[in-house]
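Notes to accompany the following structure.
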Amino acid sequence: MPRGVVIVGTGQGGYQTAASLRSEGFDGPVTLIGEEPHLPYQRPPLSKDFLLGKQHAHQLALRPSQFYTANRMELLAGERVKEIDLAAGQVRLASGSRLAFDHLVLATGARNRLLPVPGAELDGVCYLRTLDESVELRQRMEAASEIVVIGGGFIGLEAAAAARLLDKQVTVVEALPRLMARVTVPLISRFVMERHAARGVNFRCGAGIARITGEGSVTGVLLSDGAHLPADLVIVGIGVLPNVELAREAGLAAGNGIAVDEYLKTADPRVFAIGDCAEFPSRFTGSRVRLESVQNCVDQGICVARNIAGKAAPYAATPWFWSDQGDLHLQMAGLAPHIDESVVRGEPESGKFSVFHYFHGIMKAVDSINRPGDHVQARKLIALGATVSPEQAADESFDLKKAASGRIT
Amino acid sequence: MPIITYISHTGETTRVDVPAGDSVMEGAVQNGIEGIVAECGGSCMCATCHVYVDEAFLPLLDPIDETQEAMLECTAAERLPNSRLSCQIKVTPKLEGLIVRMPETQK
């Protein structure tokens, strides 16, 4: 009797693997194991509409519970895998039972990086990754008056925008000299900061945190330069750490993510890793990367399901990302770890523009602000391996759509 | 709750009550209707919730905004004048009886 596929993790990638296994015709047993007690749900709204109360929990579920029964998937929600026993081809669960597999898919995701300063344990210091955390944060935000957000990345800025929409005082503290430094260029960092500032967000960039102040509950944030920012709520968004421990303890290689090949397979041919926890060779950078995005989870889930269903193909999907921060709609296509030229299309003053990034004359990535048309065409061009010259990109009369459909090169 | 009719590519018809305020995409997903994938969860970042809206209801819909217009460029099935992304159609009482047809493929 086939043992089937065991999927560890019920986030976007775990769900997608299960769904795609069925749509690709895999007929054996499929088991999904996740620590959270919920049906697999979408995370992006947790820092956007859901945080503002504009969306309800029932709208977050990726599929209703009937989906899993109708597709003969066993969903173990609120269960934890304690150990992978590769020799036996089994996982051992926290509840004590063992589950055998033919294929194991590690979609273990990531966890919040914790703020490593004194006072971080005080009541009122919150993180934002799970549904439960978002529900709690929403209640606390409504009650708060002064909020400090630690971390000027996507999560921190989305939370700051939400806090301003609730008319709260907000200060964002960022350790680096500019916002979103890990993912974009200075021009966009500056533009985004100006737009948030115009909506009333205060910024402290290049600022270290000495400690969180308060007794029992948070009263503020003490910066390394001695400044004290009063706060009755602190939101920490300083990145995540990939959940690689299960794999590592089983003897599978893991550095900044569980090491997989272009088929998303570990050194053990039965075991795959996908999504935020996986480090894979990217055809777009020529290097090993680990991505944290919905697109990557979905497309890697599909890729692994096809591989298991006997339709093996290397992972090749074009990366894209987005962040909605109040009225700023930031969309990114491609990956550009090295950039030697960036050109702007459109007028930043108009609030709608894109920045095209080049390396050795090849278009590698495009960041768009409120220019969805550019984003879509950039995604197509990058997927095709096509490029437009920096001069063409900067020329608004140049038709990107025609270039992407191959009529102009 | 308004009743929405979803018709699959093969002609299978499903009628469901969708709460006002939810999107036509959410109505499909939460009722287990296949044929709407909704990869990005309703953020208008993919085009996998593409539907063809029954002509009679087109005048009742909000105009297509810039983001939806861009994403409609990426539908896997042919884009037609009545193509819409179902995540961008909010269900309201005036959409009672709305009929949408799903394309053969979303990806």
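Sequences listed follow chains U and Y, in order. Quick note on numbering that gives the first Met the number 0: the first sequence kicks off at 0 and runs consecutively. Quick note on numbering that gives the first Met the number 0: the second sequence kicks off at 0 and runs consecutively. The beta-carbon is built from N, C-alpha and C at its ideal position, and this holds for glycine as well.
Where residue i and residue j are concerned, what is the direct C-alpha to C-alpha distance, given to the nearest angstrom?
| i | j | result |
| --- | --- | --- |
| residue 389/U | residue 341/U | 8 Å |
| residue 122/Y | residue 175/U | Any property of residue 122/Y remains undetermined from this structure, which presents chain Y solely from 0 to 106. |
| residue 248/U | residue 83/U | 8 Å |
| residue 110/U | residue 59/U | 20 Å |
| residue 30/Y | residue 61/U | 11 Å |
| residue 37/Y | residue 119/U | 38 Å |
| residue 463/U | residue 105/U | No answer is possible for residue 463/U: it lies beyond the span of chain U, which begins at 0 and ends at 408. |
| residue 13/Y | residue 373/U | 37 Å |
| residue 88/Y | residue 98/Y | 12 Å |
| residue 4/U | residue 33/U | 14 Å |
| residue 91/Y | residue 28/U | 41 Å |
| residue 102/Y | residue 98/U | 39 Å |
| residue 68/Y | residue 53/U | 24 Å |
| residue 12/U | residue 79/Y | 31 Å |
| residue 0/Y | residue 32/Y | 18 Å |
| residue 457/U | residue 385/U | Because chain U spans 0 through 408 in this model, residue 457/U falls outside it and cannot be assessed. |
| residue 408/U | residue 312/U | Low local confidence applies: a pLDDT of 40 at residue 408/U is under 50, so the model's placement there is unreliable, and no value is given. |
| residue 406/U | residue 290/U | Reliability fails at residue 406/U, whose pLDDT of 48 lies under 50, so the model's placement of it is uncertain and the value that follows must be treated cautiously. Near 32 Å, if we compare the C-alpha coordinates of residue 290/U and residue 406/U. |
| residue 252/U | residue 25/Y | 40 Å |
| residue 106/Y | residue 262/U | 20 Å |
| residue 314/U | residue 302/U | 6 Å |
| residue 269/U | residue 21/U | 18 Å |
| residue 285/U | residue 292/U | 19 Å |
| residue 37/U | residue 45/Y | 25 Å |
| residue 294/U | residue 43/Y | 13 Å |
| residue 350/U | residue 367/U | 10 Å |
| residue 85/U | residue 31/U | 18 Å |
| residue 100/Y | residue 47/Y | 14 Å |
| residue 88/U | residue 47/U | 41 Å |
Please check the pair residue i and residue j, which I expect to be a contact at CB under 8 Å, by giving their CB distance rounded to whole angstroms.
| i | j | result |
| --- | --- | --- |
| residue 307/U | residue 25/U | 6 Å |
| residue 147/U | residue 233/U | 5 Å |
| residue 333/U | residue 317/U | 7 Å |
| residue 116/U | residue 210/U | 5 Å |
| residue 50/Y | residue 28/Y | The Cβ separation is near 12 Å, so there is no contact. |
| residue 245/U | residue 68/U | Not confirmed; about 27 Å, so no contact. |
| residue 178/U | residue 151/U | 4 Å |
| residue 82/Y | residue 74/Y | 6 Å |
| residue 169/U | residue 200/U | 5 Å |
| residue 227/U | residue 215/U | With 8 Å as the limit, residue 227/U and residue 215/U do not qualify as a contact, their Cβ atoms being about 18 Å apart. |
| residue 156/U | residue 172/U | Residue 156/U to residue 172/U, Cβ: 12 Å. No contact. |
| residue 112/U | residue 240/U | 5 Å |
For residue i, decide whether its Cβ has a neighbour in chain C, counting only Cβ atoms nearer than 9 Å.
| i | result |
| --- | --- |
| residue 59/U | Going by chain labels, chain C is absent from the structure shown, which instead holds the protein chains U and Y. |
Spell out a yes or no on whether the region 323-330 of chain U and the region 146-160 of chain U are touching, meaning 3 or more CB-CB pairs, one atom from each, closer than 8 Å.
-> As far as the Cβ criterion goes, the region 323-330 of chain U touches the region 146-160 of chain U, which means the pair count is three or higher.
Completely contained alpha helix (DSSP H) runs for the region 283-331 of chain U, where each covers 4 or more residues | If only uninterrupted alpha helix (DSSP H) runs of at least 4 residues are considered, those enclosed by the region 283-331 of chain U are 293-307.
Whole runs of the beta strand (DSSP E) within the region 183-241 of chain U, excluding any shorter than 3 residues | Taken in chain order, the complete beta strand (DSSP E) segments of 3 residues or longer contained in the region 183-241 of chain U are 200-204, 208-214, 216-222, 227-229, 232-235, 239-241.
Going along the chain, which unbroken runs of the beta strand (DSSP E) with 3 or more residues stay wholly within the region 105-192 of chain U?
-> Correct list: 109-111, 124-126, 145-149, 168-173.
Going along the region 60-83 of chain Y in order, which residues come within less than 7 Å of chain U, judged by CB to CB distance?
-> Per Cβ criterion, the list reads 65, 66, 69, 70, 72, 73.
Which whole runs of the beta strand (DSSP E) in the region 20-59 of chain U are 3 residues long or more, in chain order?
-> Counting only runs of 3 or more, we get 29-33.
Select from the region 56-78 of chain U all residues with a C-beta closer than 9 Å to any C-beta belonging to chain Y, and list them in chain order.
-> Of all residues in the region 56-78 of chain U, only 57, 58, 59, 60, 61, 62, 63, 65, 66, 69 place a beta-carbon less than 9 Å from a beta-carbon of chain Y.
Kindly confirm or deny that the region 1-19 of chain U and the region 265-282 of chain U touch, where touching means at least three C-beta pairs closer than 8 Å.
-> Taking a cut-off of 8 Å for Cβ pairs, the region 1-19 of chain U and the region 265-282 of chain U touch, as three or more such pairs fall below it.
Residues, ordered as in the chain, of the region 367-382 of chain U that lie near chain Y by beta-carbon distance below 9 Å = Shown in chain order are the members of the region 367-382 of chain U whose Cβ falls below 9 Å from a Cβ of chain Y: 369, 370, 371, 372, 373, 374, 375, 376, 378, 379.
Is the region 377-387 of chain U close to the region 53-67 of chain Y, with three or more CB pairs under 8 Å?
-> Touching, no.
For the region 105-124 of chain U, which residues have a CB atom closer than 8 Å to at least one CB atom of chain Y, in sequence order?
-> Per Cβ criterion, the list is empty.
Identify each residue in the region 288-312 of chain U for which the Cβ-Cβ distance to at least one residue of chain Y is less than 7 Å, and report them in chain order.
-> Listed in sequence order: 293, 297.
Which runs of the beta strand (DSSP E), 3 residues or longer, sit entirely within the region 16-76 of chain Y?
-> Runs of the beta strand (DSSP E) inside the region 16-76 of chain Y: 49-52.
Members of the region 324-335 of chain U that neighbour chain Y once the beta carbon cut-off is set at 8 Å | Flagged, chain order: 328, 330.
Closer than 8 Å, Cβ to Cβ, to anything on chain Y: give me those residues from the region 26-44 of chain U, in chain order.
-> Hits within the stretch, in order: 41, 43, 44.
Decide yes or no for the touch test of the region 184-204 of chain U against the region 336-351 of chain U: beta carbon pairs closer than 8 Å, at least 3 of them.
-> Result yes; three or more Cβ-Cβ pairs closer than 8 Å.
Fully enclosed by the region 349-373 of chain U, which alpha helix (DSSP H) runs are 4 residues long or longer?
-> Within the region 349-373 of chain U, no complete alpha helix (DSSP H) segment of 4 residues or longer occurs.
Listed in chain order, which residues of the region 36-61 of chain Y have Cβ atoms closer than 7 Å to some Cβ of chain U?
-> The residues in question are 38, 39, 40, 42, 44.
Can you list, in chain order, the residues of the region 3-32 of chain Y whose Cβ is nearer than 9 Å to any Cβ on chain U?
-> Against chain U - using a Cβ distance shorter than 9 Å - the residues of the region 3-32 of chain Y are 18, 20, 21, 22, 25, 28, 29, 30, 31.
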